[in-house]
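Engineer: Before I ask anything, let me first share the structure, which is written out below as structure tokens.
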Amino acid sequence: MKALGKAGSKRIGWPPLAVAAPFLWLAVFFAFPFLLVLKLSFSHPALAMPPYAPKMDWSHGLQGIGDFLKALSGVNYRRLTQDDLYFASYLSSLRFAAIGTAISLLIGYPIAYAMARCGPQARRLLLMAVILPFWTSFLIRVYAWIGILKPEGLLNAGLHALGLPGIDILNTDGAVYVGLVYAYLPFMMLPLYAALERLDPTLLEAAADLGASPTKAFWSVTVPLSLPGVAAGCLLCFIPMVGEFVIPDLLGGPDTLMIGKTIWTEFFSDRDWPSASAVAIILLVTLVVPILLYQRQQARALEAQR
Amino acid sequence: MSGRDGDTAARRGGGRRAALGGIRDPFAPWAAPGAEPLVRFESVVKRYGAQTAVDGVSLDIYPGEFFALLGPSGCGKTTLMRLLAGFETPDEGRVLLSGEDLAGRPPHKRPVNMMFQSYALFPHLSVADNIAFGLKQEGMGKAERDVRVEEMLALVKLEDFARRKPAQLSGGQKQRVALARALAKRPSMLLLDEPLAALDKKLREETQFELMRIQQALGTTFLMVTHDQEEAMVLADRIGVMQAGRIVQVGRPMEVYEAPASRYVADFLGDVNLFEAQVASVEAPHARLTAEEAPGGFRVVDEDCPAPGATVWLAVRPEKLRLSLDAPAGNPENTLAGTVWDIAYTGDWTNFIIALPNGRHIRAAQANANRRVARPIGCDDTVWVCFDPDAGVVLTQ
Amino acid sequence: MTRPALNRGPSAFNIASLALGLGFIYLPIAILVIWSFNASKLVTVWGGFSTRWYASAFQNDQLMDAAWVTLRIGVFSATTATVLGVLAAIALAKVGGFRGRTLFSSMVYSPLVMPEVILGLSLLLLFVAVGFERGFWTVALAHATFTLSYVTVAVHARLVTFDKVLEEAARDLGCPPWRAFLTVTLPNIAPAVVAGWMLAFTLSLDDLVVASFTSGPGATTLPMRIYSQVRLGVSPEINAVCTLLIAAVAAGVLIWSLANRWQSRREAVATKPYAGA
């Protein structure tokens, strides 16, 4: 009772099981594996299974741990800074994610805004229409674009039918942008819609009453009030886009550099687990800031709801 | 509302002490010799961090009475009730029910039930199941339970709504279901948290009488929390006025209104005009006061007036002031001159705001006893305000 | 009365952006579905309506095995994730200010934003480190871990809007805390729990990256199978499988929302006479 302090007296006492079971699960299957990645990023590859060294030798007790720590090295990270490929793929990932997010915002905002302006009945239907593809397989939705974008695909068939020259877009960065925007559009639209739908219509009436034209009212009332939705949507798109693997792999070309693909290749093709781990750690470090921003934004939204 | 007490002549002649508020009400279990309180708060303190929500409250509530805790939001009245229900535990002091300390008893083992402000009806259960919920918890058999549910539905006149879900009820119906559910277990005490706050004005007035009828029919002790002084006055046998975690006055509605213990109580219950004054002389039962605003001084009936020289406040309610367009002869007591600053006509009453020569504004309310008035009062008119010696009350804090 | 959120009706521009937006969202899926019925193997040539690719998909043992494995993994991981996720949501919503609460909540919410490659890699390393043979169970455990967060979010959102006073009312009427939870809270958050399970299940069905890392021989999931074929180009058989998956999901969502609609309409109809009171 005492440990709970002031909060404890106001809340209902719950069996510790509620906290302990998921906590333990996440500690074992989420936090601890993550430490393993961190450790492995300081190891070096070896021709063995698992393909890395050193391995922790528990049988020698403290001596074994000491040896193990001595054998760790920052060699992988040094290599990451020396090899241009890694640096380029980081920059390229960030660029893909930033541009992809911006396009999603430009496309998503008008749609979300239009949804919010419909009647309640239509709104419910439209919301479901937007969410429905989100439930269908991500892989399938990306795959569908191959059939459209490939040289003898539907896009070019359509262009030819119109008498236009075909474009070779599959396996280029352009196709990756199409895939990114397509796959993450719902993530952008839902927070936007939520923010716009909450907007009190009388605010716009008040703006009009005070002499603002509809356009002015839109820019000076609607847009500022939807900014939390914009922020949430952008972060929700940007974060997973940076680490995306399936889209660059299926739609991008051999020179499409994205960090998720790099990890995959290091891991499965080159069997260089320590390097893959080091790349993963750097990727995570890159994403810490946007992730923290997102969590703060969510916490604030939750606070506002109460 | 309490009428004007015009019974000053009897008092001037000495004799028996006149009744406050002009109403006779023999129901007073708290005054009965040897009465045992049903609930007793003993120096109860409740803190949230650095904030003290309940600050040393001692209070007795007697069987059968309808007690109202009245105060502004955040004064600790709801916390006090939740301490009794068991949702909070006191940091100091004790809460006793029928003489037994309730410490350590969880809410589900206390024989008191609560009607929540939001009603807290279970949305997934029908009206009948909501009412039966508490009975099921104590393991009452189905047959007996059904009878009790019928009884409660009849009590709140919702017989035809037994199978409805709460979402299918109007606000007033929900309120009655909540009441029936809380009363179904025949609690030794019913706690009502702002029971009428969610209803609109018209419904609120009807429901007030409904609550009184039910309370009288069952004889259950009711403890109500409210911030609405009119609600408290209409419903309660006694009112406990709270301020910042303390109970500042306990009394019948007419006592707290006509004989407030402090400027805070006087101001919280209805409107009041306060005049800072010095006690000039005391000739029991009367006292004479001097004040800046009244050239002729004040003379009031007050048996407990402090000794001459003390600074006190004279509180006079707006409806006890009389307005006149004619200047009085000489320099009479209890008379102030001023100009009418603003008038608000509300139908049954007309409220005047009068500016005194020193710039202060006071309020006067006149009952509109006649449809036509020969000499109407208008803004900027010079008026004289006067009141009877028994209209004002001397306050020391 | 609920008013349209932005008061005025949609303008021509709004309708155009809606049409284009929905077209963009649905066109690729529609094309995929249509082409799954194409008798021709070529994507650009319509060779007449045919269900031959469905027949051949059903005869493809590899695909069917993968589908069966995926289904089993989905049911197991979604159920595990739902139990743990509900507990986590309760812990976050109700147990205030316990030590390590911040750590706990960031651990619950991190998988939501963690890149899948990192999740997959770290879980693989765990299974390798403890010498756990990779296969069905490793994928199932991995899926339960990352879908748990989604269940928590869904249930937590419902729990915070759920009126805590209802539980107090139950306790006031004689329920011990655990029974108050079972008889009052659980029935009221049930829709969120079911939605959480469905979300976890579809996420598990959908996952390629985490499964690729944590799977072993004999536990190839459907997305893994689809992926390995898709890398070689468009295959009509895969189109058929994808169409079946889309149909299954669409049917599930449709039934779910119709059930909800029916429920709310029934309540709306019954409430109407009193709405104005």
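Residue numbers (the working numbering), protein chains in the order written: chain E, 1 to 306; chain P, 307 to 703; chain C, 704 to 980.
Each residue gets a CB set at the ideal place from its N, CA and C atoms; glycine is no exception.
#1: What separation, rounded to the nearest whole angstrom, lies between the Cα atoms of P/Met307 and P/Leu326?
#2: Check whether the Cβ of C/Ala733 lies closer than 7 Å to any heavy atom of the ligand FAD, and answer yes or no.
#3: Identify whether P/Ser308 lies in helix, strand or coil by the three-state DSSP scheme.
#4: Can you check whether the C-beta of C/Thr705 is within less than 8 Å of a C-beta belonging to chain P?
#5: For P/Met458, tell me which candidate among P/Met446, P/Ala600 and P/Ala434 has the shortest Cα-Cα distance.
#6: What residue from P/Gly445, P/Asn674, P/Gln443 and P/Glu348 has the CA that sits closest to P/Leu403's CA?
#7: What are the start and end residues of the alpha helix (DSSP H) that includes P/Ala486?
#8: Return the CA-CA distance between C/Thr905 and C/Leu806, expressed in angstroms with no decimal places.
#9: For E/Leu45, which three-state DSSP category applies?
#10: Excluding the 5 residues flanking E/Ile12 on each side, which residues of the same chain have their C-beta closer than 6 Å to its C-beta?
#11: Within the region 555 to 582 of chain P, note down every full alpha helix (DSSP H) run reaching 4 residues or more, in order along the chain.
#12: Is E/Phe134 buried or exposed, if buried means 16 or more other CB atoms sit within 10 Å of its CB?
#13: Could you tell me the distance, in whole angstroms, from the CA atom of P/Ser379 to the CA atom of P/Val462?
#14: Are any of the Cβ atoms in chain P nearer than 8 Å to that of C/Arg804?
#15: Which value, in whole angstroms, describes the spacing of the CA atoms of C/Leu876 and P/Val453?
#16: Give the residues from the region 422 to 444 of chain P that approach chain C closer than 7 Å (Cβ to any Cβ), ordered along the chain.
#17: Where does E/Leu164 land, buried or exposed, given buried means 16+ other C-beta within 10 angstroms?
#18: Determine the DSSP secondary structure at C/Asn717, reduced to helix, strand or coil.
#19: Specify the secondary structure class of P/Cys685 as computed by DSSP and reduced to three states.
#20: Can you tell me where the alpha helix (DSSP H) with P/Ala325 in it begins and where it stops?
#21: Can the beta-carbon of C/Leu822 be found closer than 8 Å to that of C/Val736?
#22: Is there at least one Cβ from chain C nearer than 8 Å to E/Ala280's Cβ?
#23: Which residues does DSSP pair with P/Ala374 in a beta bridge?
#24: So P/Val700 and P/Val606 are supposed to be a Cβ contact under 8 Å. How far apart are they, rounded?
#25: Using the C-alpha atoms, what's the distance from E/Asn156 back to C/Leu826?
#26: List, in chain order, every chain E residue whose beta-carbon is nearer than 7 Å to that of C/Ala791.
#27: Give me the Cα-Cα distance between C/Leu947 and E/Phe268, rounded to the nearest whole angstrom.
#28: Are the region 890 to 897 of chain C and the region 828 to 839 of chain C in contact at 8 Å, needing three or more beta carbon pairs?
#29: Which value, in whole angstroms, describes the spacing of the CA atoms of P/Gly355 and P/Gly328?
#30: Any beta carbon from chain C within less than 8 Å of E/Pro45's own beta carbon?
#31: Please state whether the Cβ-Cβ distance between P/Asn436 and P/Leu427 is less than 8 Å.
#32: Measuring CB to CB, does E/Leu132 end up less than 8 Å from E/Pro191?
#33: Output yes if chain E places a C-beta closer than 8 Å to the C-beta of C/Ser825; else output no.
#34: Under a three-way DSSP split, which group does P/Ser424 fall into?
#35: Give me the residue from P/Asp407, P/Asp608, P/Glu512 and P/Val554 with the minimum Cα distance to P/Gly377.
#36: Considering only the beta carbon of each residue, do P/Asp361 and P/Gly551 sit closer than 8 Å?
Structural biologist: Looking at the coordinates:
#1: In the second sequence, counting from the first residue as 1, residue 307 of chain P sits at position 1. In the second sequence, counting from the first residue as 1, residue 326 of chain P sits at position 20. Summary for P/Met307: the model assigns pLDDT 37, below 50, so the residue's position carries little reliability; its value from the coordinates is reported in the next sentence. For P/Met307 and P/Leu326, the distance between alpha carbons rounds to 13 Å.
#2: Within the structure as shown, the ligand FAD is missing, as the structure has no ligands at all.
#3: Counting from 1 along the second sequence, the entry for residue 308 of chain P is found at position 2. At P/Ser308 the pLDDT is 38, less than 50, meaning the model places this residue with poor confidence and gives no usable figure here.
#4: Your numbering for residue 705 of chain C matches position 2 in the third sequence. Annotation note: pLDDT 42 at C/Thr705 (below 50); position unreliable, coordinate value reported separately. Not closer than 8 Å to any Cβ of chain P, the Cβ of C/Thr705 fails to qualify, so no.
#5: Start at 1 with the first residue of the second sequence, and residue 458 of chain P comes out as number 152. Closest option to P/Met458, Cα to Cα, is P/Ala434.
#6: The residue labelled residue 403 of chain P in the question sits at position 97 within the second sequence. It is P/Glu348 whose Cα lies nearest to the Cα of P/Leu403.
#7: Locating residue 486 of chain P in the second sequence gives position 180, where the first residue counts as 1. Per DSSP, P/Ala486 belongs to the alpha helix (DSSP H) from Gly477 to Leu489.
#8: Walking along the third sequence from the start, residue 905 of chain C turns up at place 202. Walking along the third sequence from the start, residue 806 of chain C turns up at place 103. Cα to Cα, C/Thr905 sits roughly 28 Å from C/Leu806.
#9: Counting from 1 along the first sequence, the entry for residue 45 of chain E is found at position 45. In the sequence as displayed, the identity of residue 45 of chain E is Pro instead of Leu. It is a strand residue.
#10: Numbered from 1 along the first sequence, position 12 holds the residue referred to as residue 12 of chain E. Because E/Ile12 carries a pLDDT of 42, less than 50, the predicted location of this residue cannot be relied on, and the following value inherits that uncertainty. Here the set comprises nothing.
#11: 559 to 564 and 569 to 574
#12: Locating residue 134 of chain E in the first sequence gives position 134, where the first residue counts as 1. By the neighbour-count rule (16 or more Cβ atoms within 10 Å), E/Phe134 is buried.
#13: The residue given as residue 379 of chain P occupies position 73 in the second sequence. The residue given as residue 462 of chain P occupies position 156 in the second sequence. Rounded to whole angstroms, P/Ser379 to P/Val462 spans 29 Å at the Cα level.
#14: As a working note, residue 804 of chain C is residue 101 in the third sequence. For C/Arg804, the answer is no, since every Cβ of chain P falls outside 8 Å of its Cβ.
#15: Numbered from its first residue, the third sequence carries residue 876 of chain C at position 173. Numbered from its first residue, the second sequence carries residue 453 of chain P at position 147. Distance from the CA of C/Leu876 to the CA of P/Val453, rounded to the nearest whole angstrom, comes to 18 Å.
#16: Those residues of the region 422 to 444 of chain P that come within reach of chain C (Cβ to Cβ, closer than 7 Å) are Phe422, Ser424, Ala426, Phe428, Pro429, His430, Phe439, Gly440, Gln443 and Glu444.
#17: As a working note, residue 164 of chain E is residue 164 in the first sequence. Answer is exposed; the Cβ neighbour count stays below 16.
#18: Position 14 of the third sequence, counting from 1, holds the residue named residue 717 of chain C. Here C/Asn717 sits in helix by DSSP.
#19: Start at 1 with the first residue of the second sequence, and residue 685 of chain P comes out as number 379. Reduced to three states, the DSSP call for P/Cys685 is coil.
#20: Mapped onto the second sequence, residue 325 of chain P falls at position 19. Where P/Ala325 is concerned, there is no enclosing alpha helix (DSSP H), given that its DSSP letter is neither H nor E.
#21: For the purposes of this step, residue 822 of chain C is taken as the residue at position 119 of the third sequence. For the purposes of this step, residue 736 of chain C is taken as the residue at position 33 of the third sequence. No, the pair does not count as a contact, with Cβ atoms beyond the cut-off.
#22: By 1-based counting over the first sequence, the position of residue 280 of chain E is 280. Chain C contact via Cβ: present.
#23: Here the question's residue 374 of chain P lines up with position 68 in the second sequence. Bridge partners of P/Ala374: P/Met530 and P/Ile545.
#24: On the second sequence, position 394 is the one that residue 700 of chain P refers to. On the second sequence, position 300 is the one that residue 606 of chain P refers to. With 8 Å as the limit, P/Val700 and P/Val606 qualify as a contact, their Cβ atoms being about 6 Å apart.
#25: Taking the third sequence and counting its residues from 1, one reaches residue 826 of chain C at position 123. Taking the first sequence and counting its residues from 1, one reaches residue 156 of chain E at position 156. Whole-angstrom Cα-Cα distance: 42 Å.
#26: Against the third sequence, residue 791 of chain C aligns to sequence position 88. Under the 7 Å cutoff, chain E gives Pro22.
#27: Within the third sequence, residue 947 of chain C is the residue found at index 244, counting from 1. Within the first sequence, residue 268 of chain E is the residue found at index 268, counting from 1. Straight-line Cα distance between these residues: approximately 30 Å.
#28: no
#29: Within the second sequence, residue 355 of chain P is the residue found at index 49, counting from 1. Within the second sequence, residue 328 of chain P is the residue found at index 22, counting from 1. Taking the straight line joining both Cα atoms gives about 46 Å.
#30: On the first sequence, residue 45 of chain E is found 45 positions in, with the first residue counted as 1. Answer no: the Cβ-Cβ gap between E/Pro45 and chain C never drops below 8 Å.
#31: As a first step, residue 436 of chain P must be located in the second sequence, where it is residue number 130. As a first step, residue 427 of chain P must be located in the second sequence, where it is residue number 121. Cβ atoms of P/Asn436 and P/Leu427: closer than 8 Å.
#32: Working through the first sequence from its first residue, we reach residue 132 of chain E at position 132. Working through the first sequence from its first residue, we reach residue 191 of chain E at position 191. No, the pair does not count as a contact, with Cβ atoms beyond the cut-off.
#33: For this step, residue 825 of chain C is matched to residue 122 along the third sequence. Yes, because at least one Cβ of chain E sits closer than 8 Å to the Cβ of C/Ser825.
#34: Numbered from its first residue, the second sequence carries residue 424 of chain P at position 118. Coil.
#35: Working through the second sequence from its first residue, we reach residue 377 of chain P at position 71. Out of P/Asp407, P/Asp608, P/Glu512 and P/Val554, P/Val554 has the C-alpha closest to the C-alpha of P/Gly377.
#36: Within the second sequence, the letter at position 55 stands for residue 361 of chain P. Within the second sequence, the letter at position 245 stands for residue 551 of chain P. Going by C-beta atoms, P/Asp361 is nearer than 8 Å to P/Gly551.
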